[in-house]
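Beneath this line is the structure, given in structure tokens, with notes to follow.
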Amino acid sequence: MQGPALVNALRVEPELGTPSRGGLPATLARRDGDHWLLSGRKIYSTGGAGLSRMLVYARTDEESPRVGSFIVRPEQDGVVVQETWDHLGLRASRSDDVHLEDVVVSLGDVVGLNEPGGPRPGLDAVFGAWNALGLTSLYLGVADAATTWLAGFLHDRTPTSLGASLATLPRFQAAIGEIESSLRVAHRVVECAADGVDAGDATALADAGPAKLNGNRAAINAVEQALALTGNHGLSRANPLERHYRDVLCSRVHVPQDDQIVTAAGRSALDRHPHAPFQKG
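For the sequence shown, the UniProt record's numbering assigns the number 281 to the last residue and increments by one with no breaks.
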């Protein structure tokens with residue numbers, strides 16, 4: 001490829017769910033001479049027909065199956081993008097279904113073909129950290145947009161009984177101050193973790209998951225507070241706040257998910273603090 005390109009990994013399947021939880025994909029690659037024939041179905045394939053390349057996670061039909069990513073072009077014979085995306089949020093992402101039937105993939109267009117559970121080139125700790133931090137930045141951006149709209153609303157909204165804008169009331173000043181304070185800290189944590197990953201700091205790699213957890217929670221809480229402050233105006237489809245809310249809720253679906261993050265953090269904490277005998281009395 002030359003020039004800008006949109007590439008995404010197609011990993012989620014109807015039966016398997018996300019492979020981050022384990023298990024073999026149903027999408028199958030059959031060896032046929034000097035190429036593979038790829039068949040299966042992927043769901044939540046963000047980018048859909050707009051992708052330049054699809055990295056399709058599949059298993060081989062060998063006696064001892066291997067798994068890897070098979071590089072596919074959307075315009076190839078046997079590739080059908082089905083418009084199924086009908087989601088609460090991120091509606092413009094076009095995370096449609098992709099059907100593959102005997103799609104030809106050359107032997108050289110396979111990445112990381114290994115035994116299940118083996119090394120996954122391109123999916124190491126650094127890549128995982130950048131994935132977590134990048135996604136968190138995206139959703140913090142959604143919360144920032146919601147805060148910007150909220151501030152404008154508070155300045156513009158002037159109830160006749162008050163004779164001044166809502167922005168002049170200490171209650172609303174304190175409320176948006178709470179939102180702003182939380183988001184500032186969340187942004188700073190993500191930035192510090194990203195700087196550490198860039199510098200090769202192993203501690204920063206471990207911080208990426210908790211940064212995602214806290215950042216996403218701060219983003220969701222910020223938009224929820226904005227909705228509580230604005231009432232029907234915030235929920236109206238004529239205003240963008242309800243869209244920001246729908247979008248920010250999608251932060252929870254990306255891997256690593258919250259339970260994976262806190263479990264890993266808990267195991268790490270227990271490893272750092274070895275068992276000490278309990279002293280009674």
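Quick reminder that beta carbons are idealized off the backbone N, C-alpha and C, glycines included.
Looking only at DSSP bridge pairs, what is residue i linked to?
i: valine 126; result: According to DSSP, which records beta bridges pairwise, valine 126 is partnered with nothing at all.
i: glutamine 82; result: Asp97
i: threonine 60; result: Ala29
i: glutamate 178; result: Answer by DSSP bridge pairing: none, since glutamate 178 is not bridged.
i: serine 106; result: His35
i: residue 324; result: Summary: the structure shown does not reach residue 324, with the chain confined to residues 1 through 281, and so no result is reported for it.
i: asparagine 114; result: Val67
i: leucine 55; result: Ala9 and Ile71
According to DSSP, is residue i part of a helix, a strand, or is it coil?
i: threonine 135; result: Note on residue identity: the sequence assigns leucine, not threonine, to residue 135. Of the three classes helix, strand and coil, the one that applies to leucine 135 here is helix, per DSSP.
i: histidine 187; result: helix
i: valine 253; result: helix
i: asparagine 214; result: helix
i: residue 300; result: Residue numbering for the chain in the displayed model covers 1 to 281; residue 300 lies beyond these limits and cannot be assessed.
i: leucine 88; result: coil
i: glycine 200; result: coil
i: valine 67; result: strand
i: glutamate 242; result: helix
i: alanine 9; result: strand
i: leucine 45; result: This sequence places serine at residue 45; leucine is not what is there. Reduced to three states, the DSSP call for serine 45 is strand.
i: leucine 166; result: helix
i: arginine 73; result: coil
i: glycine 3; result: coil
i: glycine 40; result: strand
i: threonine 158; result: coil
Is residue i near the ligand PLP, in the sense that its beta carbon is under 7 Å from a heavy atom of that ligand?
i: valine 98; result: Here there are no bound small molecules, and the ligand PLP is not part of this structure.
What is the C-beta distance between residue i and residue j, in whole angstroms, given that I count them as a contact (C-beta under 8 Å)?
i: arginine 94; j: glycine 50; result: 7 Å
i: valine 72; j: alanine 129; result: About 27 Å separates the two Cβ atoms, so there is no contact after all.
i: leucine 140; j: isoleucine 176; result: Wrong, their Cβ atoms sit about 16 Å apart, outside the cutoff.
i: threonine 27; j: valine 7; result: So it is not a contact: roughly 18 Å between Cβ atoms.
i: arginine 41; j: histidine 87; result: Actually they do not touch by this definition, with Cβ atoms about 18 Å apart.
i: valine 223; j: histidine 244; result: 5 Å
i: tryptophan 36; j: valine 111; result: Not confirmed; about 12 Å, so no contact.
Inter-stretch contact (C-beta, 8 Å, three-pair minimum) for the region 255-267 and the region 11-22: yes
Report yes or no: do three or more beta-carbon pairs, one from the region 176-192 and one from the region 126-140, lie closer than 8 Å? yes
Do three or more CB pairs link the region 79-92 to the region 59-69 at distances below 8 Å? no
Below 8 Å, how does it come out for the region 197-209 and the region 240-254: are there three or more Cβ pairs, yes or no? no
For the structure I just gave you, are there three or more beta carbon pairs, one from the region 160-172 and one from the region 210-217, closer than 8 Å? no
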